[in-house]
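228 is the number of the first residue of the sequence shown in my numbering; add one for each residue after it.
Worksheet for the structure shown next.
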Amino acid sequence: AGLSGVDNDDNAAIAQVRPGAVDPSGSIVDIGVVSTETLPPTLNVAVKKSGRTTGLTRGVITAVNVTVDVTYSKTCGSGSQTARFVKQIFVSPGSFLGGGDSGSLMVEDAATSPRSVGLLFAGSSTAAVANPIQTVLSAFEPDVTLVGSAQTSFLAKMLAFAKSFWRITESQAASQQLPEQVDPAAVDAVRRVQERHETKLLSIPGVVGVGVGLSDTVAAQPVIKVYVKKATAQLRRTLPPSLEGVDVEIVETGEIFAY
228 AGLSGVDNDD NAAIAQVRPG AVDPSGSIVD IGVVSTETLP PTLNVAVKKS GRTTGLTRGV
288 ITAVNVTVDV TYSKTCGSGS QTARFVKQIF VSPGSFLGGG DSGSLMVEDA ATSPRSVGLL
348 FAGSSTAAVA NPIQTVLSAF EPDVTLVGSA QTSFLAKMLA FAKSFWRITE SQAASQQLPE
408 QVDPAAVDAV RRVQERHETK LLSIPGVVGV GVGLSDTVAA QPVIKVYVKK ATAQLRRTLP
468 PSLEGVDVEI VETGEIFAY
């Protein structure tokens with residue numbers, strides 16, 4: 228679990244398995260063997276996971292570099308506590324992850340040898356939250372590595388791109404189709420603005436997270452997303468419409484819980 232009062236990078240643990248009880252190839256139910264390569268989280272990328280509770284689900288990365296407050300039940304007691312996580316990934320829809328799915332590996336939606344993107348651990352009715360997988364691996368190196376296929380084939384990468392584009396276009400209304408590509412330099416510029424202002428934004432009651440996502444109205448334009456428990460009229464008056472020329476958009480997520 229994350230620690231209260233500090234910025235947490237990941238929520239992960241190491242477990243010892245019984246010999247013969249786990250497939251040594253690393254094959255995941257409904258996904259198969261993953262690649263030993265990893266994929267940095269990128270806006271608009273189609274992903275999937277296989278979890279204990281909800282099984283195989285698919286979604287799209289909707290925000291990166293998210294700083295988010297996650298609610299945990301207190302250990303050996305009643306009530307709850309909150310831990311802040313930085314540089315996280317948001318995925319939609321909320322049904323992508325359910326209680327008991329925590330620890331599921333999130334991979335790109337490729338037909339074979341998908342690359343790992345993140346480790347899922349929290350969510351709400353509208354979004355799922357994952358640690359970037361490279362952050363998790365770095366925290367445990369050199370003792371932990373990915374088990375799987377040593378290479379991701381060119382064909383698998385092309386199939387992943389085609390499936391990503393097709394799923395995104397299918398899931399959007401005709402009047403609001405997500406863009407095919409997002410400029411990495413523009414995303415990075417918005418990230419820098421976000422990081423200069425996120426402490427103040429997160430201090431506003433009702434705000435649970437801040438990250439970089441895509442505009443709801445302007446194709447391919449990265450914006451600052453402010454995630455709130457409830458988008459009240461007061462919050463909409465309090466939050467700025469833009470920061471340093473970057474649009475700010477409010478997203479109602481409800482409270483974010485550890486799963």
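Each residue gets a CB set at the ideal place from its N, CA and C atoms; glycine is no exception.
This structure is a prediction, so every number in the text was calculated from the model and none was measured.
Item	Value
Sequence ranges, alpha helix (DSSP H) only - wholly within the stretch 321–347, length at least 4	none
Of the listed residues Ala349, Ser365, Thr444, nearest to Thr294 (C-alpha basis)	Ala349
Straight-line Cα distance separating Thr372 from Glu476	38 Å
9 Å Cβ cutoff, Asp336 in contact with chain B	Chain labels in this structure do not include chain B; a single protein chain is all it has.
Proximity winner among Pro468, Leu441, Asp250, Leu266, relative to Ser319 (alpha-carbon distances)	Leu441
Thr362 to Leu470 span [Cα, whole Å]	28 Å
Cβ neighbour criterion (16 or more within 10 Å) applied to Lys427	exposed
Three-state class that DSSP yields for Leu441 in the structure shown	strand
Inter-stretch contact at 8 Å, needing at least 3 Cβ pairs: the stretch 339–346 / the stretch 261–275	yes
Rounded separation between Val409 and Val437 - CA only	19 Å
Val318 - partner residues in DSSP beta bridges	Ile288, Ala355
Whether Ala413 touches Pro449 by CB criterion (9 Å)	yes
Run of the alpha helix (DSSP H) containing Ile360, from where it starts to where it stops	360–367
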